[in-house]
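For reference, the structure is listed below as structure tokens.
2 protein chains.
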Amino acid sequence: MRQYEMFEISLTGEISEDNQAEVTAVISFEGKEKQIKGFYAGNGVYKVRFLPESAGLYRWKVNGAVSGEGEAVCVEAKAGEHGLVKPVGTHFIYEDGTRYIPVGTTVYALLHQEKELREQTMQTLQTAPFNKIRFCVFPKHFDFNSNEPEMLPFQITDGRPDPAKPCYEFWDRMEEYISRLHAIGIQADLILFHPYDHWGFARWSRQECLTYLTYAVRRLSAYPNIWWSLANEYDAITEFKHEWWAEFAALIRKEESCRHNLSNHNLLWKWDFANPDTTHVCLQSSAFEEVPELMEYGKPILFDECGYEGDIPYPWGNLSGFELVNRFWKAAVMGAYCTHGETFWNPEEILWWSKGGTFKGESVPRIAFLKEVLESLPGDLTYEVSDAERAYFEKGREGLKELAGTGGFPAAFVDYPNELLPLLIRTMTEMRSSFRDEVILIYNARQCRSFLEVELPAAGHYTIEILDVWDMTRKVQMTGACGKVRVEMPGKEGIAMLALKEH
Amino acid sequence: MRQYEMFEISLTGEISEDNQAEVTAVISFEGKEKQIKGFYAGNGVYKVRFLPESAGLYRWKVNGAVSGEGEAVCVEAKAGEHGLVKPVGTHFIYEDGTRYIPVGTTVYALLHQEKELREQTMQTLQTAPFNKIRFCVFPKHFDFNSNEPEMLPFQITDGRPDPAKPCYEFWDRMEEYISRLHAIGIQADLILFHPYDHWGFARWSRQECLTYLTYAVRRLSAYPNIWWSLANEYDAITEFKHEWWAEFAALIRKEESCRHNLSNHNLLWKWDFANPDTTHVCLQSSAFEEVPELMEYGKPILFDECGYEGDIPYPWGNLSGFELVNRFWKAAVMGAYCTHGETFWNPEEILWWSKGGTFKGESVPRIAFLKEVLESLPGDLTYEVSDAERAYFEKGREGLKELAGTGGFPAAFVDYPNELLPLLIRTMTEMRSSFRDEVILIYNARQCRSFLEVELPAAGHYTIEILDVWDMTRKVQMTGACGKVRVEMPGKEGIAMLALKEH
Chain A
509 MRQYEMFEIS LTGEISEDNQ AEVTAVISFE GKEKQIKGFY AGNGVYKVRF
559 LPESAGLYRW KVNGAVSGEG EAVCVEAKAG EHGLVKPVGT HFIYEDGTRY
609 IPVGTTVYAL LHQEKELREQ TMQTLQTAPF NKIRFCVFPK HFDFNSNEPE
659 MLPFQITDGR PDPAKPCYEF WDRMEEYISR LHAIGIQADL ILFHPYDHWG
709 FARWSRQECL TYLTYAVRRL SAYPNIWWSL ANEYDAITEF KHEWWAEFAA
759 LIRKEESCRH NLSNHNLLWK WDFANPDTTH VCLQSSAFEE VPELMEYGKP
809 ILFDECGYEG DIPYPWGNLS GFELVNRFWK AAVMGAYCTH GETFWNPEEI
859 LWWSKGGTFK GESVPRIAFL KEVLESLPGD LTYEVSDAER AYFEKGREGL
909 KELAGTGGFP AAFVDYPNEL LPLLIRTMTE MRSSFRDEVI LIYNARQCRS
959 FLEVELPAAG HYTIEILDVW DMTRKVQMTG ACGKVRVEMP GKEGIAMLAL
1009 KEH
Chain B
509 MRQYEMFEIS LTGEISEDNQ AEVTAVISFE GKEKQIKGFY AGNGVYKVRF
559 LPESAGLYRW KVNGAVSGEG EAVCVEAKAG EHGLVKPVGT HFIYEDGTRY
609 IPVGTTVYAL LHQEKELREQ TMQTLQTAPF NKIRFCVFPK HFDFNSNEPE
659 MLPFQITDGR PDPAKPCYEF WDRMEEYISR LHAIGIQADL ILFHPYDHWG
709 FARWSRQECL TYLTYAVRRL SAYPNIWWSL ANEYDAITEF KHEWWAEFAA
759 LIRKEESCRH NLSNHNLLWK WDFANPDTTH VCLQSSAFEE VPELMEYGKP
809 ILFDECGYEG DIPYPWGNLS GFELVNRFWK AAVMGAYCTH GETFWNPEEI
859 LWWSKGGTFK GESVPRIAFL KEVLESLPGD LTYEVSDAER AYFEKGREGL
909 KELAGTGGFP AAFVDYPNEL LPLLIRTMTE MRSSFRDEVI LIYNARQCRS
959 FLEVELPAAG HYTIEILDVW DMTRKVQMTG ACGKVRVEMP GKEGIAMLAL
1009 KEH
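Shown next, in the form of structure tokens:
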């Protein structure tokens, strides 16, 4: 047994017709007891899994469909094992304190492709910058996704998938990939439901959903790299009642052996991120200017679907490489995160976004560059609220009037409609974030500035770098800068400025 | 006297202290009489001007501060003289029936620069694609605009510009440029007020404004190429009451010798384009998706300030050349029009947008290409309302529900908030416009499509061209296309498709 690695108790018992047998383990560690539910893994095998988060002596006792007991010494984590990724404010950190900067990609139907393609995908991921991947339990039926999978997660009974009858082979495969993703440092952002269905998963009753979730969570929650994504486009699953989703989240919290990240992905209607079981904001959106309002949830903000680099007819699937990179940087400078995906059409209909394979676009190395830049900083960036925004947040229109009185805000803008004011205020200044007084990042996006007056914290001296997000260059522009400085810029799209405090 | 050319009656009388002397001419033509007001031109000279819109015998009789009478035969228009530009529906046409496709630029303080620079600007315009220019009567005080003009339109009395005391030399200069612009086919979109002021023009009383407008309109309205732009950023002139603007428009209609195009340019609050004296929609905006709603005014739509190609810090002044060209095409495919401007910083602070000079950007030849493409078409383009938009316009949400029932609209989208539905609907389909069943234009903007299914009118056969708006190429892709066709596209930004009916 090793800290941060799944520990599995496997016991043999009766062959079961379905997965409804109850198995419970009581785990004792340092005088505390924890109850964990097991699951039926097929072939008369029952398993209970848990993730030891600390080193030491663990005792376990299993009861139910099978029984047994034992103990094991859990040794300190292996180098490179960091434990679960947990939210801290609007950012993430591994359990052992290591920074985790989410840089995700998307291969929705990863598990439902043929072996050769799955292996190619894993090979591609091996050298890619991504440390999170969104993929689905269920197969996908959609444009460019008409290939029937070799097997389904559940058996079809009377033309309907039966959540009490898993295809154990599928679940074994899923676990294999979750483990292999973990081995290459990738969080498995597992999508539990989605609307692109013709098998019946998106038409399950509430009870069928709960049966499925109970099984999935008992089985998978001891994998350290699991994240729960309740759905992709939850609001497009028209057969599910809205109140089910919070119930699903609560069930997951009850059944999981340790608390994983959890959120829900929308088509049109954002999920309620105030939901206490929800750990982060997950969005289909490229409205990065809404980040300051979203920050009020106090949770990390992931634009998990901000559009895909590609060339298909749909507007969500034909961004230029530059535009996707631009969106990653826009999110980054707001203190948020984007997720990658690729939708290049080809006669084989192997589009990375659903099926994996290889990258055909130009964004991936640039996303790697962004990741390197963020990793090189001493801490995570947070959006800097401007004076006008602060005035507006704190005192509404009156605050802006006061600021206008001192020349800090244009008087003509004060009477703008309330709901549009925050965005108006935001577009008036550059996008800027910081980490304490150590780092200031400004990102010009598509604005081709040839210079910018930048206000630095008065106390320190700063080295100013100009970054070209497409050419992937960092160039020192000034050293010893302090106070208000004019920074020369190359007057093209995709330029960022980093000010780093000198020590 | 020649049709479509200004006819001027010039009489000498008393030297006047101010411009308040009244002169009235009665013009008789084919049994009809028209009263036209004259103005004092300085040095004891009084003038009455009018624009003969038809050939024939004109008689005139002047009374007031000076008097006189006479007659003249007006001969048919010279080749190349087309008369006034008038709105017809959402497009324009010259008085003689020639198409006018507005392709404007902006040199706000054209008249207030030194002669050498003014001449350079005129030389640049000579070979440029522009057929409209926005410029101000008053000088401009703003960033990059700190040079005091040689002279002001009005004398300063007690530290305040006096609208009764013109600097006649300035008005002569203005007229010289209006004439010279006309000679090279450029409409003079004259901005009558603006907020970038430190002389006092933007702090005039209502009565002072009326005095000024009366003089300007009596003096300038016989120039065939004059358009009246009540203001630039009218809503930023905080000293003027909102109700003044409609009064100014009405005064212009009363005083002008023939009806010119008239509109008003906003900062934040769009002008009321339903105003009966307003001939077209004039916007500071790049929200081209709002065109279908704006079309309900039944007037041409000009995005007179959609951002400038340049590199200054402000977001409105640092578009890439591509982005400005992209905006021109987005407007074009919505059946609307953009206006050009350039804001490249240089140590001399000569930015085209305010001062003229030469072009430093890359958009101008591409704008010329767009103009050529539009001129090559048999008629003006009008935005094609999609089935979903029509359903929504006609029956609101119920219409969408019906359409969703037949599979023509995603059911999940029906309940989206009312105010956001039109935009949502619009982003779901390609931007497409047409001229009868003769021409269909689709513009992909930044969407990098590698193909698109296009529905052509069933009756005809079409030649399909692919246009690269940046590389300025037109390439025939298919001939004899009809019905639903798959059109291959180069999968990059800035691609348009033209379908031209074969005859």
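These protein sequences, in sequence, are chains A and B. Each number in our numbering corresponds to the 1-based position in the first sequence with 508 added. Each number in our numbering corresponds to the 1-based position in the second sequence with 508 added. All residues carry an ideal CB built from backbone N, CA and C; glycine is no exception.
Checklist entry - Buried or exposed: B/Leu791, going by 16 or more other Cβ atoms within 10 Å of its Cβ? => result Here residue 791 of chain B corresponds to residue number 283 of the second sequence, with the count starting at 1. The residue in question, B/Leu791, is buried, as its Cβ has 16 or more Cβ neighbours within 10 Å.
Next on the checklist: Rounded to whole angstroms, what is the Cα-Cα separation between B/Asn952 and B/Asn834?
Outcome noted: By 1-based counting over the second sequence, the position of residue 952 of chain B is 444. By 1-based counting over the second sequence, the position of residue 834 of chain B is 326. Each residue's Cα considered, the two are about 9 Å apart.
Checklist entry - Buried or exposed: which applies to A/Thr981, given that a residue is buried once 16 or more other Cβ atoms fall within 10 Å of its Cβ? => result In the first sequence, the residue the question calls residue 981 of chain A occupies position 473. Exposed, since its Cβ has fewer than 16 Cβ neighbours within 10 Å.
Checklist entry - With burial defined as no fewer than 16 other Cβ atoms inside 10 Å of the residue's Cβ, what is the status of B/Leu565: buried or exposed? => result As a first step, residue 565 of chain B is located in the second sequence; it is residue number 57 there, counting from the start. So B/Leu565 counts as exposed.
Next on the checklist: If contact is defined by three or more beta carbon pairs under 8 Å, each pair taking one atom from either stretch, is the stretch 608-623 of chain B in contact with the stretch 846-855 of chain B?
Outcome noted: Enough Cβ pairs lie closer than 8 Å, so yes.
Checklist entry - Which word fits A/Leu928, buried or exposed, when buried means at least 16 other C-beta atoms lie within 10 angstroms of its C-beta? => result By 1-based counting over the first sequence, the position of residue 928 of chain A is 420. Classification for A/Leu928: exposed.
Item to check | Neighbour-count burial assignment, B/His750, 16 or more Cβ in a 10 Å radius | outcome: Translated into the one-based positions of the second sequence, residue 750 of chain B becomes position 242. Exposed, since its Cβ has fewer than 16 Cβ neighbours within 10 Å.
Next on the checklist: Under 8 Å, CB to CB, which of the residues in the stretch 889-903 of chain B have a partner in chain A?
Outcome noted: For the stretch 889-903 of chain B, no residue has a beta-carbon sitting nearer than 8 Å to a beta-carbon of chain A.
Checklist entry - Comparing the C-beta of B/Asp819 with each C-beta of chain A, is any distance below 8 Å? => result By one-based count along the second sequence, residue 819 of chain B stands at place 311. With 8 Å as the cut-off, B/Asp819 counts as an interface residue toward chain A.
Checklist entry - With DSSP run on the structure shown, which of helix, strand or coil describes B/Met909? => result To locate residue 909 of chain B, count along the second sequence from 1; it is residue 401. Residue 909 of chain B is actually Lys in this sequence, not Met. Helix, per DSSP.
Next on the checklist: Counting only beta-carbon separations shorter than 8 Å, does B/Leu823 have a partner in chain A?
Outcome noted: Position 315 of the second sequence, counting from 1, holds the residue named residue 823 of chain B. Looking at the sequence itself, residue 823 of chain B is Pro, so the reference to Leu does not match. Interface residue (Cβ-Cβ distance to chain A less than 8 Å): B/Pro823 is classified as such.
Next on the checklist: What does the alpha-carbon distance come out to for the pair A/Ala563 and B/Met936?
Outcome noted: For the purposes of this step, residue 563 of chain A is taken as the residue at position 55 of the first sequence. For the purposes of this step, residue 936 of chain B is taken as the residue at position 428 of the second sequence. A/Ala563 and B/Met936: Cα-Cα distance of roughly 54 Å.
Next on the checklist: Using only the alpha-carbon positions, how far apart do A/Ala919 and A/Ala912 sit?
Outcome noted: Locating residue 919 of chain A in the first sequence gives position 411, counting from the first residue. Locating residue 912 of chain A in the first sequence gives position 404, counting from the first residue. Each residue's Cα considered, the two are about 5 Å apart.
Item to check | Within 7 Å of chain A by C-beta, residues of the stretch 564-576 of chain B in sequence order | outcome: Listed by position, the residues of the stretch 564-576 of chain B near chain A (Cβ gap below 7 Å) amount to none.
Next on the checklist: Taking 8 Å as the threshold (beta carbon to beta carbon), is A/Phe921 in contact with chain B?
Outcome noted: Here residue 921 of chain A refers to the residue found at position 413 when the first sequence is read from its first residue. Yes, A/Phe921 lies at the interface with chain B (some Cβ there is under 8 Å from its Cβ).
Next on the checklist: Taking CB distances under 8 Å as the criterion, tell me whether B/Tyr616 reaches chain A.
Outcome noted: Your numbering for residue 616 of chain B matches position 108 in the second sequence. Closer than 8 Å: no.
Checklist entry - Looking only at C-alpha atoms, which of B/Leu625, B/Trp707, B/Val893 sits nearest to B/Val799? => result As a working mapping, residue 799 of chain B is identified with position 291 in the second sequence. For the residues B/Leu625, B/Trp707, B/Val893, the minimum Cα distance to B/Val799 belongs to B/Val893.
Checklist entry - CB B/Gly552 to CB B/Glu513, shorter than 8 Å? => result Translated into positions along the second sequence, residue 552 of chain B becomes position 44. Translated into positions along the second sequence, residue 513 of chain B becomes position 5. Not closer than 8 Å, so no.
Next on the checklist: So if DSSP puts A/His599 in a beta bridge, which residue, or which two residues, is it bridged to?
Outcome noted: Along the first sequence, one-based indexing puts residue 599 of chain A at 91. Paired residues: A/Val596.
Next on the checklist: Taking a contact to mean a Cβ-Cβ separation below 8 Å, would you say B/Ala710 touches B/Glu747 in this structure?
Outcome noted: For the purposes of this step, residue 710 of chain B is taken as residue 202 along the second sequence, with counting starting at 1. For the purposes of this step, residue 747 of chain B is taken as residue 239 along the second sequence, with counting starting at 1. In contact: B/Ala710 and B/Glu747 (Cβ atoms closer than 8 Å).
Item to check | Interface residues of the stretch 823-840 of chain B facing chain A [CB-CB below 8 Å] | outcome: Of all residues in the stretch 823-840 of chain B, only Pro823, Asn826, Leu827, Ser828, Glu831 come within less than 8 Å of chain A when Cβ atoms are compared, listed by chain position.
Item to check | As assigned by DSSP and simplified to three states, the class of B/Arg954 | outcome: One-based indexing of the second sequence puts residue 954 of chain B at position 446. DSSP places B/Arg954 in coil when its eight states are reduced to three.
Checklist entry - Identify the residues that DSSP records as bridge partners of A/Ser524: which are they? => result Walking along the first sequence from the start, residue 524 of chain A turns up at place 16. Paired residue(s): none; A/Ser524 is not in a bridge.
Checklist entry - Using a Cβ cut-off of 8 Å, which residues of the stretch 593-605 of chain A contact any Cβ in chain B, in chain order? => result Of all residues in the stretch 593-605 of chain A, none has a Cβ within less than 8 Å of some Cβ in chain B.
Item to check | Delimiting residues of the alpha helix (DSSP H) encompassing A/Val881 | outcome: To locate residue 881 of chain A, count along the first sequence from 1; it is residue 373. Residues 871-884.
Item to check | Beta-carbon proximity list for A/Trp779, same chain, < 6 Å, skipping 5 on both sides | outcome: On the first sequence, position 271 is the one that residue 779 of chain A refers to. Excluding five sequence positions before and after A/Trp779, the CB atoms of its chain that fall closer than 6 Å to its own CB belong to Asn772, given in chain order.
Item to check | Residue of A/Tyr554, A/Ile535, A/Gly546, A/Glu622 minimising C-alpha distance to A/Val581 | outcome: Stepping through the first sequence from its first residue, residue 581 of chain A is reached at position 73. When each option's Cα is compared against that of A/Val581, the closest is A/Ile535.
Item to check | Under the three-state DSSP convention, the category B/Tyr816 falls into | outcome: Position 308 of the second sequence, counted from the start, is the residue given in the question as residue 816 of chain B. In the three-state DSSP reduction, B/Tyr816 falls in the coil class, being neither helix nor strand.
Checklist entry - Any idea if A/Asp604 is buried or exposed, counting beta-carbon neighbours within 10 angstroms, 16 or more meaning buried? => result Locating residue 604 of chain A in the first sequence gives position 96, counting from the first residue. Flag for A/Asp604 reads exposed.
Checklist entry - Residues of chain B with a CB under 7 Å from the CB of A/Ala744: which are they? => result Sequence index remark: in the first sequence, residue 744 of chain A carries index 236 (1-based). Those are Ala920, listed as they occur along chain B.
Item to check | Cβ contact (3+ pairs, closer than 8 Å) linking the stretch 898-914 of chain A and the stretch 639-647 of chain A | outcome: Touching, no.
Item to check | Length at least 3, wholly inside the stretch 773-808 of chain A: the beta strand (DSSP E) runs in chain order | outcome: DSSP runs (the beta strand (DSSP E)) wholly in the stretch 773-808 of chain A: 789-792.
Checklist entry - chain B beta carbons: is any one of them nearer than 8 Å to that of A/Gln955? => result Taking the first sequence and counting its residues from 1, the one referred to as residue 955 of chain A is at position 447. For A/Gln955, the closest Cβ of chain B is nearer than 8 Å.
Next on the checklist: Going by C-alpha to C-alpha distance, which of B/Ile601, B/Gly576, B/Tyr616, B/Gln955 sits closest to B/Pro703?
Outcome noted: Within the second sequence, the letter at position 195 stands for residue 703 of chain B. Nearest in C-alpha terms to B/Pro703, of all of B/Ile601, B/Gly576, B/Tyr616, B/Gln955, is B/Tyr616.
Item to check | Contacts of A/Gly999 in chain B (Cβ-Cβ under 7 Å) | outcome: For the purposes of this step, residue 999 of chain A is identified with residue 491 of the first sequence, where counting begins at 1. Those are Asp819, listed as they occur along chain B.
Next on the checklist: Is the separation between the beta-carbon of A/Ser871 and that of B/Arg954 shorter than 8 Å?
Outcome noted: Counted from its first residue, the first sequence places residue 871 of chain A at position 363. Counted from its first residue, the second sequence places residue 954 of chain B at position 446. Going by C-beta atoms, A/Ser871 is not nearer than 8 Å to B/Arg954.
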